[in-house]
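**Q** Submitted below is the structure of interest, expressed as C-alpha cells.
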Amino acid sequence: MSYVKPRLLKGMRDFLPADMRRRQYVISKIKSLFRRYGFEACETPTMEYADILDGKYGEEERLIYRFEDKGRRQVALKYDLTVPLARLVGMYQQELTMPFKRYQIQPVFRSEKPQKGRYREFYQCDVDIVGVNSILADAELILLAIDALERLGFKDFKVRINHRRLLSAIAEYSGVPKSQADAIAISIDKLDKIGIDGVRKDLTARGIEEKSRDKIIDLITLTERSETASPEDMLNQLRPILKDFSSAQDALDDLEYLFSTLKGLSIPSERYDFDLTLARGLGYYTGPIFEIYVAKPKIGSIGGGGRYGNLIGMFMRRNVPATGISLGLERIIDVMSELDMFPDNLDQIHVLVGLFNVETAVYSLQIAKQLREAGIFTDIYYQPVKLKKQFAYANKKNIPYVVMAGPDEQKENKLALKDMKTGEQRRMDLQQAIIFLGERYENQIG
RNA sequence: GUGGAUGUAGCUCAGCUGGUUAGAGUGCUGGAUUGUGGUUCCAGAGGUCGCGGGUUCAAGUCCCGUCUUCCACCCCA
C-alpha cells in the first residue's frame, strides 16, 4: 500500500472535537447576539473573480491568494467579508431591503507568514449596516462588539476609535504632500510600540520634513498627554487647531456625535478611547474607524472595523454608505484559552449507555433510542467489554453519566444510572432517568 | 516578503565535546480469579531521530538545502 505522510499546509489547521467545542461555544454566543440586534445571516463563496478584490485593500493586496482556474479565469480566495458584501449588495440591490443588516461568519484567507494568532485561514465574524449614513449605526456596532465580548467573559479590553479623515487632515495640516499621507498614518500608528521618539525618527526616515514632522509630533503628544482627558475634551482641543480644514471639522463632528451616543448608551468610559494614532490598514475606510484591543495576551487586536463610504459604489452606479465591524474568531479563542475563560463543562454528550453483554444488548439499544427521542445526547458502547473499559471511555470523553442495564435490571425493566463524578449509582426506570437528565440538560436539548 | 530560533516515541522532553542494540515521564495495549472507572502494581507495543543531500572509518550529534512551528520586523483578525 502506498503511504502519504500526513501533513498540513503552512498556516492551515485542523480542528479536533476538543477545539470544536470551544469554537462552537464562541460562535453560538456571537451568532445569537447578532440576531438579537436584528442582523440576518449571509454567506458568500470562498472564491471570487480576482478583479472583485483587486484595488480594494491598498498595500495589503499582495496577501491575496490568487490562482488561475481550469477555464483560465483569474480567481482569488476571499480576503475579508466586507468586499464580498459590497459585491453582494451591488448584485442583489433590488432584492435586499434597505437598510441591509447582515452578519456573516466565514473563513477568509491571507498568505501571510504565520505566527501565533495569525493564520492563513481564519474566521471572521462580521456585522455590517448598509444604507445608513447616520453615525448612530457606528455607535450601535461598537455597542454590539462590547456586548459580545463581555458576554464571552472579556474583562480587560478597549475599543480604540479614530476617524479616517482626521488622519488625512493631519497630513494636510502639517503640510505634507498627499502622496505621503499614508506613510504618516502608518508611522504614528506605531506610537504604542516605539514611543514618541521612535515616531519622530520614523517620520524622518520616511522623508518627512522637519517642520511638518514637528507639527505632527505636537498633535500626537497632545493626545498622549490627555490620556486622562475625555474624548470630548480632546476633540475640543483639536477643533481650533484644525480650524482651517473643513474635512477635519466634519470628522470631529462625526466623532463628537459618536462619543455622545456611546455616553448616552451608558457604555463605561474605560471601554473606549479616542486614539488619534489609530490607523487601520485596509484601504476602503472613509469615516470613523475602530479597533478592539486586548493588552493582556500579547496578540494585538481581536477585531476592528469602520465606515466605508465608497466601496459599495464600486459595484453599482451610485454610492451606498455602510459601516461594519469584524471580530476575529481565532484570536478571541486564543485569548480565552490563554486566560482560561472557557467553562469547563463544555461536554457535548450527556450520557453513555454501556453494553453489559450480548443478551442484553438490544435492551440497552432500546434505552439509548428512547433517551435520544427525549432529546438527550446519548452515546452507546457497542462491544460487551469489561465495564472498566467502558467507564474509562466515558471518563476520557468527559461524559458525566453512564447507564448500565444488565440481566438484573432488564428483569425489573429498570436501569442503573451512574454519576461519574461522585461514583454514586441508582437503580431507576427509564422515565425517571429521562426526567433526571432532561432537567439537568434542559438548556441544551433542542 | 526580510531577519532569527526550532524540529528526537501519540504528548512533554533528555541524549555531554560525533563512537556500540536512542532514553525518561505521561499516554496507549494487556493483565492483577470474570456486575463498576478515574489510585496502585506487573507486562508489552510504539521512533525512517522533520525531509533530502554532503563531510567522516563512524552523525540524532558537523555542513548545505528544504519543509514545519515559533519570535521580531512589515502588517493585520
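For the first sequence, our numbering gives the first residue as 1, with consecutive numbering after it.
Just so it is clear, CB atoms sit at the ideal spot from N, CA and C, and this is done for glycine as well.
1. Measure the C-alpha to C-alpha separation of I399 and A148 and round it to an integer number of angstroms.
2. Evaluate contact between the region 125-136 and the region 24-40, counting only Cβ atoms and requiring at least three cross-stretch pairs below 8 Å.
3. With three or more beta-carbon pairs closer than 8 Å as the criterion, would you say the region 112-121 touches the region 2-11?
4. Less than 6 Å between C-beta atoms, sequence neighbours within five positions excluded: which residues of the same chain meet that for L327?
5. State the beta-bridge partners of E48 as determined by DSSP.
6. What distance in whole Å lies between the Cβ atoms of Y65 and F109, which are believed to be in contact at a cut-off of 8 Å?
7. Just the C-alpha distance for S134 and Y441, rounded to the nearest angstrom, thanks.
8. Which partner residues of C125 appear in the DSSP bridge assignment?
9. Go ahead and label E291 buried or exposed: buried means 16 or more other beta carbons lie within 10 angstroms of its beta carbon, across all protein chains shown.
10. Which of the three DSSP states, helix, strand or coil, is assigned to N162?
11. Give the range of the beta strand (DSSP E) segment to which K418 is assigned.
12. So, is L16 buried or exposed, given that buried needs 16 or more other C-beta atoms within 10 angstroms?
13. Keeping to the same chain, check which residues put their C-beta closer than 7 Å to that of P99; ignore five residues upstream and five downstream.
14. Alpha helix (DSSP H) containing T378: first to last residue?
15. Pull up the DSSP beta-bridge partners for Q425, would you.
16. Applying the 10 Å Cβ sphere with the 16-neighbour rule, what's the burial state of N413?
17. Using the Cβ count rule (16 or more neighbours within 10 Å means buried), how would you classify F67?
18. With a threshold of 16 other CB atoms inside 10 Å of the CB of E112, please say whether the residue is buried or exposed.
19. Could you check what DSSP says for L352 in three-state terms: helix, strand or coil?
20. Quick check on K369: buried or exposed, where buried means 16 or more other Cβ atoms within 10 Å of its Cβ?
21. Do you know whose CA, among A50, D429, M91, V83, lies nearest R530's CA?
22. Rounded to whole angstroms, how far is the Cβ of S247 from the Cβ of S174, which I believe are closer than 8 Å?
23. Below 7 Å CB to CB, which residues in the same chain sit around V320 once its five sequence neighbours on both sides are set aside?
24. Using alpha carbons as the reference points, say which of I376, K193, F245, I194 lies closest to F436.
25. Taking the beta strand (DSSP E) that I188 belongs to, which residues open and close that run?
26. Say the cut is 8 Å; is the CB of M91 nearer than that to a heavy atom of the ligand COA?
27. Report yes if the CB atom of E140 is closer than 9 Å to the CB atom of R102, and no otherwise.
28. Looking at the secondary structure, which residues open and close the alpha helix (DSSP H) in which V362 lies?
29. Flag this pair as yes or no: are the beta carbons of R21 and Q383 separated by less than 9 Å?
30. Do A392 and T360 have their C-beta atoms closer together than 9 Å?
31. Using 10 angstroms around the beta-carbon of P343, count the other beta-carbons present and answer buried if the total reaches 16, otherwise exposed.
32. Quick check on this structure: which residue in I188, P107, I170 has the alpha carbon closest to the alpha carbon of D244?
33. With DSSP collapsed to three states, give me the class of Y257.
34. I'd like the span of the alpha helix (DSSP H) that includes D156, first residue to last.
35. Provide the residue(s) that pair with P288 in DSSP beta bridges, ordered along the chain.
36. Since F67 sits in a beta bridge, which residues does DSSP pair it with?
**A** A quick look at the data gives this:
1. In the first sequence, the residue the question calls residue 399 occupies position 399. In the first sequence, the residue the question calls residue 148 occupies position 148. Using only the alpha carbons, I get a separation of about 29 Å.
2. yes
3. yes
4. The residue given as residue 327 occupies position 327 in the first sequence. Around L327: C125, G303.
5. By 1-based counting over the first sequence, the position of residue 48 is 48. In the DSSP output, where bridge partners are listed per residue, E48 has A76.
6. Looking up residue 109 in the first sequence gives position 109. Looking up residue 65 in the first sequence gives position 65. Correct: roughly 5 Å between the Cβ atoms.
7. As a first step, residue 134 must be located in the first sequence, where it is residue number 134. As a first step, residue 441 must be located in the first sequence, where it is residue number 441. When rounded, the distance between both Cα atoms is 44 Å.
8. Walking along the first sequence from the start, residue 125 turns up at place 125. Looking at the DSSP assignment, C125 forms a beta bridge with I105, L327.
9. For this step, residue 291 is matched to residue 291 along the first sequence. Classification for E291: buried.
10. Counted from its first residue, the first sequence places residue 162 at position 162. In this structure, N162 counts as strand in the three-state DSSP scheme.
11. For this step, residue 418 is matched to residue 418 along the first sequence. 415-419 is the span of the beta strand (DSSP E), which, as asked, contains K418.
12. Within the first sequence, the letter at position 16 stands for residue 16. Counting Cβ neighbours within 10 Å, L16 comes out exposed, since fewer than 16 surround it.
13. To locate residue 99, count along the first sequence from 1; it is residue 99. So the list reads I129, V130, G131, V132, once near-sequence residues are dropped.
14. Counting from 1 along the first sequence, the entry for residue 378 is found at position 378. Element bounds for T378: not the alpha helix (DSSP H) but the beta strand (DSSP E), 378-380.
15. Counted from its first residue, the first sequence places residue 425 at position 425. Q425 pairs with K418.
16. Taking the first residue of the first sequence as 1, we reach residue 413 at position 413. Looking at its Cβ environment, which holds fewer than 16 other Cβ atoms inside 10 Å, N413 is exposed.
17. Along the first sequence, read from residue 1 onward, the residue named residue 67 stands at position 67. Label assigned to F67: exposed.
18. Within the first sequence, the letter at position 112 stands for residue 112. So E112 counts as exposed.
19. The residue you call residue 352 lines up with position 352 of the first sequence. L352 falls in the strand class under three-state DSSP.
20. Taking the first residue of the first sequence as 1, we reach residue 369 at position 369. It is exposed - the Cβ of K369 has fewer than 16 other Cβ atoms within 10 Å.
21. Here the chain has residues from 1 to 446 only, and residue 530 is not among them.
22. Translated into the one-based positions of the first sequence, residue 247 becomes position 247. Translated into the one-based positions of the first sequence, residue 174 becomes position 174. Contact flag wrong, Cβ pair sits at about 14 Å.
23. Mapped onto the first sequence, residue 320 falls at position 320. If we look at V320 and ignore the five residues flanking it on each side, its Cβ neighbours are V89, V130, G131, I312, G313.
24. Taking the first sequence and counting its residues from 1, one reaches residue 436 at position 436. Here the closest residue by C-alpha is I376.
25. Mapped onto the first sequence, residue 188 falls at position 188. First-last for I188: 181-189, but that is the alpha helix (DSSP H), not the beta strand (DSSP E).
26. Looking at this structure, you won't find the ligand COA or any other ligand, since it has none at all.
27. In the first sequence, residue 140 corresponds to position 140, counting from 1. In the first sequence, residue 102 corresponds to position 102, counting from 1. No, the pair does not count as a contact, with Cβ atoms beyond the cut-off.
28. Taking the first residue of the first sequence as position 1, residue 362 is located at position 362. Counting along the chain, the alpha helix (DSSP H) containing V362 begins and ends at 361-373.
29. Mapped onto the first sequence, residue 21 falls at position 21. Mapped onto the first sequence, residue 383 falls at position 383. No, these two residues do not count as a Cβ contact at 9 Å.
30. Along the first sequence, one-based indexing puts residue 392 at 392. Along the first sequence, one-based indexing puts residue 360 at 360. In this structure, T360 does not lie closer than 9 Å to A392 by Cβ.
31. Mapped onto the first sequence, residue 343 falls at position 343. So P343 ends up on the exposed side.
32. One-based indexing of the first sequence puts residue 244 at position 244. The option with the nearest alpha carbon to D244 is I170.
33. Within the first sequence, residue 257 is the residue found at index 257, counting from 1. It is helical.
34. In the first sequence, residue 156 corresponds to position 156, counting from 1. No alpha helix (DSSP H) holds D156; DSSP gives it neither H nor E.
35. Numbered from 1 along the first sequence, position 288 holds the residue referred to as residue 288. Looking at the DSSP assignment, P288 forms a beta bridge with H163.
36. Reading the first sequence from its first residue, position 67 is the one you call residue 67. BP columns for F67 point to V75.
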